[in-house]
Amino acid sequence: MTDSISSYGRRLQTEASRRDALDKAAAKATPSLLEEAAGKPAPAKVGVGHDQLQLSNVAQKAMAEPDFDRAKVESIKQAIQDGQYQINPRKIAESFLAVERMIE
Numbered sequence: 234m235t236d237s238i239s240s241y242g243r244r245l246q247t248e249a250s251r252r253d254a255l256d257k258a259a260a261k262a263t264p265s266l267l268e269e270a271a272g273k274p275a276p277a278k279v280g281v282g283h284d285q286l287q288l289s290n291v292a293q294k295a296m297a298e299p300d301f302d303r304a305k306v307e308s309i310k311q312a313i314q315d316g317q318y319q320i321n322p323r324k325i326a327e328s329f330l331a332v333e334r335m336i337e
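So our numbering is basically just the index in the sequence shown, starting at one, shifted up by 233.
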C-alpha cells in the first residue's frame, strides 16, 4: 500500500530492491565458504588495497589490561549485594553539575 502524499510505500519497495541488488553483487564478488573449504582459489580483486593496523606496545598493553582496580570493584559489588553500600547524594549531584558545566 502506498501513501499518496509521501509515497512512503513506494520508497520502501525501491530501497528494498536496491538492497537486494547490492547484496547480489556482493555475493558474486566474494567467494563462498564452500569454495574456500574446497580449496578453490579466490578470484583476484582488482583495485582493492590491503589495509593493516599495527598497535604500539602501549596501546596493546592498554587494551590487554583494564585500567581499574579489580579488588575495589569486587568489594563494591559485594557491598551492594549485602546492602551495605553507602550512597552519597551530594557527591552524585556535584558530579552532575561538573558534567553540565563541561557541556555548556
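For every residue, glycine included, the Cβ atom is placed at its ideal position computed from N, Cα and C.
This structure is a prediction, so every number in the text was calculated from the model and none was measured.
- According to the DSSP assignment, D315 belongs to the alpha helix (DSSP H) that extends over R303 to D315.
- In this chain, the alpha helix (DSSP H) harbouring P322 covers P322 to I336.
- Per DSSP, reduced to three states, the secondary structure at E298 is coil, with no helix or strand assignment.
- When DSSP states are grouped into helix, strand and coil, S289 belongs to the coil group.
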